[in-house]
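Contents: one structure, followed by commentary.
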Amino acid sequence: MLSNNNVLVLLSGGIDSTVALWKMKEQGYNLYTITFNYFKRFSKEIECCSQISKLAGTIEHKIINLDFLSEFEDEIYSSSSSLYKKNNIIPPNYISFRNLIFYSLAAWYAETHGIEIIVGGHNKNDINYFPDTSINFFEDLTKLFNFSTYTSNKIQYDIFMPLHKLTKTQVLEEAIRLKIPLDLTWSCEKQENFACGLCRSCTLRLTSFKKINMIDPIQYDD
Ligand SMILES: [Zn+2]
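Heads up, the sequence shown is in numbering that gives the first Met the number 0, so the first residue is 0 and it goes up one at a time.
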């Protein structure tokens with residue numbers, strides 16, 4: 000499936016995207032990473048992404064500043080939201096078409112740097128939760144990239160999801176197998192310095208550690 004030796008990994012600083020990066024590293028690819036700094040994200044996340052990229056030996060870690068999209072943030076939709084009225088199971092952290100925006104910017108970077116493979120760390124749980132992480136979404140987006148870029152008459156672009164069959168816990172097991180320094184990853188969406196231990200990302204993370212009987216090496220609020 001993979002045809003080119005350069006890969007671009009979308010890196011958020013969490014465990015999933017870090018495992019996706021390390022899996023590409025394990026296979027000997029030339030690594031590039033891209034991180035999106037969007038509204039209300041913590042500088043801690045960006046720092047983690049930089050440290051992880053450095054440790055993985057990436058050729059370049061590109062940070063894209065999306066501050067101008069001040070409407071573009073993780074939200075919990077209130078019951079008065081028009082979006083909520085259409086579907087009462089809108090999950091926290093949902094942002095409409097987030098991945099169309101992120102992967103379009105990744106495609107720009109990939110094409111301008113001669114990279115054919117774009118890698119995302121969406122796991123099996125995400126795919127059930129967010130419609131724009133589904134296999135259908137990425138298959139169709141791959142087709143779009145392959146007829147809408149200047150170089151696509153010569154290059155076969157591929158969007159690759161190495162974790163799409165793994166649960167969050169299986170991703171953590173993979174992180175341990177790959178000897179990833181998990182203390183460098185960051186998941187909390189509510190605060191930095193110390194993780195809150197209560198938000199959706201912290202809860203998922205702590206549940207996975209508990210399932211494999213391990214202590215999370217990052218610091219949490221007491
Ligand atoms: Zn948290």
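Each residue gets a CB set at the ideal place from its N, CA and C atoms; glycine is no exception. Source: prediction; values computed, not measured.
Residue j beta carbon less than 8 angstroms from that of residue i
{"i": "Ser52", "j": "Leu7", "result": "no"}
{"i": "Tyr156", "j": "Phe144", "result": "yes"}
{"i": "Asn92", "j": "Glu172", "result": "no"}
{"i": "Val18", "j": "Ala174", "result": "yes"}
{"i": "Lys123", "j": "Lys164", "result": "yes"}
{"i": "Leu140", "j": "Tyr102", "result": "yes"}
Reference residue i, options the options, closest by Cα
{"i": "Val118", "options": "Leu20, Asp220, Leu197 and Ile217", "result": "Leu20"}
{"i": "Trp107", "options": "Ile126, Asp139, Ile33 and His163", "result": "Ile33"}
{"i": "Met23", "options": "Lys43, Glu44 and Thr57", "result": "Thr57"}
{"i": "Asn5", "options": "Ile45, Gly27 and Ser103", "result": "Gly27"}
{"i": "Ile63", "options": "Ala55, Ile100 and Gln50", "result": "Ile100"}
{"i": "Lys252", "options": "Pro161, Ile114 and Phe41", "result": "In the structure as shown, the chain begins at 0 and stops at 221. Residue 252 is therefore absent and cannot be evaluated."}
{"i": "Thr35", "options": "Val18, Asp221, Gly12 and Ala55", "result": "The residue you asked about is not Thr; residue 35 is Phe in the sequence shown. With distances taken between Cα atoms, Phe35 lies closest to Gly12."}
{"i": "Thr166", "options": "Gly120, Ile179 and Asn192", "result": "Gly120"}
{"i": "Asn29", "options": "Tyr102, His112 and Leu197", "result": "His112"}
{"i": "Gly196", "options": "Pro180, Ile179 and Ile214", "result": "Ile214"}
{"i": "Ile158", "options": "Glu25, Ala109 and Ile14", "result": "Ala109"}
{"i": "Lys61", "options": "Leu104, Phe41 and Glu25", "result": "Leu104"}
{"i": "Phe129", "options": "Tyr102, Ser151 and Ser95", "result": "Ser95"}
{"i": "Ser16", "options": "Lys142, Phe41 and Ile179", "result": "Ile179"}
{"i": "Thr168", "options": "Gln218, Ile217 and Thr202", "result": "Thr202"}
{"i": "Ala55", "options": "Ser151, Lys142 and Tyr31", "result": "Tyr31"}
Whole-number beta carbon distance between residue j and residue i, since they are thought to touch under 8 angstroms
{"i": "Ile116", "j": "Ile126", "result": "No, Ile116 and Ile126 are not in contact; Cβ-Cβ is about 19 angstroms, not under 8 angstroms."}
{"i": "Arg97", "j": "Asp66", "result": "Actually they are not in contact, since the Cβ atoms of Arg97 and Asp66 sit about 16 angstroms apart, beyond 8 angstroms."}
{"i": "Lys39", "j": "Glu191", "result": "Not confirmed; about 11 angstroms, so no contact."}
{"i": "Leu177", "j": "Glu59", "result": "Rounded, the Cβ-Cβ distance is 22 angstroms, inconsistent with contact."}
{"i": "Val170", "j": "Ile45", "result": "Going by Cβ atoms, the distance from Val170 to Ile45 rounds to 22 angstroms, so no, they are not a contact pair."}
Neighbour flag for residue i against chain C, beta carbons, 8 angstroms
{"i": "Phe101", "result": "Of the protein chains in the structure, only one exists, and it is not chain C."}
Practice task
State whether the region 168-184 contacts the region 147-156, with contact taken as three or more CB pairs (one from each stretch) at a distance under 8 angstroms.
Solution key: no
Practice task
Tell me, please, whether the region 38-51 touches the region 198-217 by the rule of three or more beta-carbon pairs shorter than 8 angstroms.
Solution key: Not touching, per the Cβ criterion.
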